[in-house]
Every structure is written in structure tokens, then in C-alpha cells.
Amino acid sequence: EFHCGFEEEALCSFSQDKSDEFDWTRHSGSREGTTYTPNTGPSSDHTGSNQGFYMFIETSRPRLEGDKARLMSPTFNINSKSVASSSSASNNPTYCFTFYYHMYGKHIGALNIFLRQKGQTPTDTLVWSLTGNQGNYWRQARVNIHPTTAFQVVMEGVRGSGIEGDIAADDVTIEEGKCKDSPPNNLRSFASLPSCYVFLLCITQSLVLIGWQR
Numbered sequence: 001e002f003h004c005g006f007e008e009e010a011l012c013s014f015s016q017d018k019s020d021e022f023d024w025t026r027h028s029g030s031r032e033g034t035t036y037t038p039n040t041g042p043s044s045d046h047t048g049s050n051q052g053f054y055m056f057i058e059t060s061r062p063r064l065e066g067d068k069a070r071l072m073s074p075t076f077n078i079n080s081k082s083v084a085s086s087s088s089a090s091n092n093p094t095y096c097f098t099f100y101y102h103m104y105g106k107h108i109g110a111l112n113i114f115l116r117q118k119g120q121t122p123t124d125t126l127v128w129s130l131t132g133n134q135g136n137y138w139r140q141a142r143v144n145i146h147p148t149t150a151f152q153v154v155m156e157g158v159r160g161s162g163i164e165g166d167i168a169a170d171d172v173t174i175e176e177g178k179c180k181d182s183p184p185n186n187l188r189s190f191a192s193l194p195s196c197y198v199f200l201l202c203i204t205q206s207l208v209l210i211g212w213q214r
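Right under this line is the structure:
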């Protein structure tokens with residue numbers, strides 16, 4: 001299991017992408033001498049500690065709408081035993097990527113998570129995305145990823161339409177195996193509902209249609 005709370009300046013070997021427009025910034029709620037844009041961004045890390053650190057994107061000037069900041073994880077090698085036991089591409093080893101995010105402000109852009117797989121030509125696959133104001137709260141996301149080769153996870157913050165658009169991330173974890181619980185996010189679908197609820201919904205709809213036809 002890999003865990004990073006960004007408490008050390010080394011950032012657990014996370015690195016800034018050199019090809020984007022700006023960088024993520026490491027910060028804590030207790031740090032003095034920094035001015036905050038009102039009505040955006042967290043006042044502490046996700047545990048509520050003013051001493052704890054987190055990463056965030058500062059969207060004040062000179063940032064422009066659509067500017068991107070990408071933070072890249074260290075490279076992970078997939079478990080060779082899991083690959084050997086996989087009989088098809090659909091059985092590639094699964095990893096659970098967990099993190100906390102804070103997206104508060106009327107100008108919030110987007111937070112995107114990419115799976116970057118190594119090779120002659122590295123490929124980025126979007127595995128999670130969220131846009132817009134999510135309230136002044138830290139929330140947790142869990143994402144199942146299925147790499148076929150050595151990989152990195154890329155966190156991309158996108159600047160929205162104005163300065164009240166700071167996005168923060170904290171306490172990142174990557175561990176082998178599926179996420180233990182249904183990945184929580186604000187984009188629910190039938191796929192995330194328990195099968196019994198889906199079954200009851202289908203039965204209810206069928207009974208309504210039968211009654212209506214009579």
C-alpha cells in the first residue's frame with residue numbers, strides 16, 4: 001500500500017508535470033504570510049488539522065480559464081503474479097486509488113484523474129472527473145483502476161472562469177485489489193446502486209406498465 005498525506009516537502013515522490021501551465025502548491029492552514037482568495041479553498045487539511053498539509057491549485061491571476069496543473073504520482077510496477085494468473089485483458093490486476101478532494105467556490109473548474117501507463121508512447125486514460133462547486137467540505141473518492149503495465153496516477157486541476165476556484169487534494173492511497181466500498185462521488189448511476197434496488201425498480205416499472213395497459 002502506498003499512502004501520501006503531503007506532510008513532507010518531498011511529496012512522497014510526486015512530481016509536477018513540466019508540460020502544463022502551472023503547478024500544484026503544498027500548503028497548510030497554519031502557514032502565515034499567504035493571502036487567500038475569499039470564498040474558496042480549504043482552511044485546513046482533510047482531518048481538520050491546521051498543522052497538516054495538502055496540495056491545491058491557486059487560481060488567482062495570472063491564471064486563465066482552462067489552465068491546467070498536473071501532479072504525477074511515482075511510477076508503480078504492477079504485480080507480476082497477478083498478471084501471470086490473468087487469462088484475459090478483462091482480468092488485469094485491479095488497484096484502488098483513494099483520495100480526498102475539496103472543490104469550493106463559484107468559479108470551480110474541474111478535477112480530473114488519469115491513469116498514465118508506461119510504454120514507448122505513454123497513454124493517459126481518464127478514470128474520474130468532477131466539475132463545479134461541491135461545497136466547503138472535504139470529500140473522499142475511490143476509483144478502481146486496471147493497469148496493464150507500469151503506471152502513474154495523474155491529478156489534473158483545471159482553472160475555471162474566475163479566481164474563486166481553488167481545488168485541493170489530500171491523503172492519497174494506492175493499494176492492490178478492488179475498492180472495498182462502492183466508490184463515492186456525486187455522479188451516481190444505476191451501476192452504483194445495490195442490485196436489489198435495481199431489481200425492485202424494474203419490477204415496479206413493469207407493474208405500472210401492466211396496470212396502465214389494462
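Here the UniProt record's numbering is used: the first residue of the sequence shown is 1, the next is one more, and so on. Where is the CB? At the ideal position from N, CA and C, for every residue including glycine.
DSSP three-state assignment for residue i, whether helix, strand or coil
| i | result |
| --- | --- |
| A84 | Any reading at A84 must be qualified, since the residue scores a pLDDT of 44, below 50, and its modelled position is unreliable; the value itself is stated next. Helix at A84. |
| S129 | strand |
| S19 | coil |
| C96 | strand |
| L11 | helix |
| K68 | strand |
Beta-carbon proximity list for residue i, same chain, < 6 Å, skipping 5 on both sides
| i | result |
| --- | --- |
| W138 | H46, Y100 and H102 |
| A150 | T75, N77 and K118 |
| T94 | N144, H146 and K178 |
| K68 | D20, E21, E156 and V158 |
| L71 | F14, W24 and M155 |
Beta-ladder partner(s) of residue i, from DSSP
| i | result |
| --- | --- |
| F53 | S28 |
| N112 | S129 and E156 |
Own chain, CB closer than 8 Å to residue i, minus 5 neighbours either side, in chain order
| i | result |
| --- | --- |
| P122 | R116 |
| N79 | P93 and E176 |
Near the ligand MG: residue i beta-carbon under 7 Å from a heavy atom
| i | result |
| --- | --- |
| Q134 | Of the ligands one can find in the structure shown there are none, so the ligand MG has no counterpart to examine. |
Same chain only: Cβ atoms within 7 Å of residue i, ignoring 5 sequence neighbours per side
| i | result |
| --- | --- |
| N37 | First, the residue type needs correcting, since residue 37 is Thr and not Asn in the sequence shown. So the qualifying residues of the chain are S60, I163, E164 and D166. |
| R63 | F22 and R159 |
| E58 | T25 and D166 |
Residue i versus residue j: straight-line alpha-carbon distance, rounded
| i | j | result |
| --- | --- | --- |
| F53 | P42 | 11 Å |
| S44 | F114 | 26 Å |
| E175 | C4 | 12 Å |
| T40 | G132 | 12 Å |
| M55 | N92 | 31 Å |
| G109 | G29 | 22 Å |
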